[in-house]
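Undergrad: Its first residue numbered 1, the sequence shown is counted upward by one per residue in UniProt numbering.
Ideal placement from N, C-alpha and C gives every residue a C-beta, glycine not left out.
Predicted model, so just to flag it, every value in this text is computed and none were measured.
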Amino acid sequence: MTAKQFLYSVRDEQKEIEEIGDRIYELEMSLLPGAMRYDVDRVQVSPTDTTTDRMAEIAEYMGELKRKQSALTDKRLKAQRLINHLTDSRERQVLDIYFLSVKRPGMKDVAVMLNYSQRQAYRFYVSALEHLERWQ
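1. From the DSSP output, in three-state form, read off GLY63 for me.
2. Mind checking VAL110: buried by the 16 CB within 10 Å criterion, or exposed?
3. In the DSSP assignment, find the alpha helix (DSSP H) that holds MET107 and state where it starts and stops.
4. Whose CA, out of TRP135, ASP88 and SER9, lies closest to the CA of LYS68?
5. What span of residues does the alpha helix (DSSP H) with ASP88 cover, start to end?
6. Counting only the same chain and skipping the five closest in sequence on each side, list residues whose C-beta sits under 7 Å from that of SER30.
7. Taking the alpha carbon of ALA3 as the reference point, which residue from SER101, PRO105, ASN84 and ARG90 has its own alpha carbon closest?
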C-alpha cells in the first residue's frame, strides 16, 4: 500500500464512522414516537412493537462504531508518524489538515485555513506525497 493509499484509507474510515454515527442517530430518533404511550388502555390493536428490534440494531451499530474508532485511532497515529517524517513544515501542515482533520476538508478549505492559494496548497500536497513515496 502506498503512502497516498494509506492516508486516503484514514480519510475513508473517518467517513464510515460518521455514517455509522448518523445511522445510530436515525435509529434513536425513530424510537421516540414508538416509545410514547398516551394512555394505559389499548383501544386498537397495533402492529408488533419494533422498539426492541431497533434497540438491538442500535447496540450492534454501537459495537461496530467502537471497533472502527479504535482501529481508526491506531491508523491515525501511524499516519501522524508518517507525516512527521516530512522535513518541510508546510507540507506537513497541508497533509495533517487534509488527511487527519475530523472535518475532512477539501483542498480549497485547506488553502483557506493556511492562507495559501488553492494551487499552492495542492503543490505542497503533491510534493509531500512524492517525498513520502521516496521515504518508504
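TA: According to the structure shown:
1. Locating residue 63 in the sequence shown gives position 63, counting from the first residue. The answer is helix: DSSP assigns GLY63 an H, G or I state.
2. Within the sequence shown, the letter at position 110 stands for residue 110. In this structure VAL110 is buried. Its beta-carbon is surrounded by 16 or more other beta-carbon atoms within 10 angstroms.
3. The residue given as residue 107 occupies position 107 in the sequence shown. Judged by DSSP secondary structure, MET107 falls within the alpha helix (DSSP H) whose first and last residues are 107-114.
4. Counting from 1 along the sequence shown, the entry for residue 68 is found at position 68. For the set TRP135, ASP88 and SER9, the Cα lying nearest the Cα of LYS68 is the one of SER9.
5. Stepping through the sequence shown from its first residue, residue 88 is reached at position 88. That residue, ASP88, is in no alpha helix (DSSP H); it is neither H nor E in DSSP.
6. For the purposes of this step, residue 30 is identified with residue 30 of the sequence shown, where counting begins at 1. So the list reads ARG54, once near-sequence residues are dropped.
7. For this step, residue 3 is matched to residue 3 along the sequence shown. The option with the nearest alpha carbon to ALA3 is ASN84.
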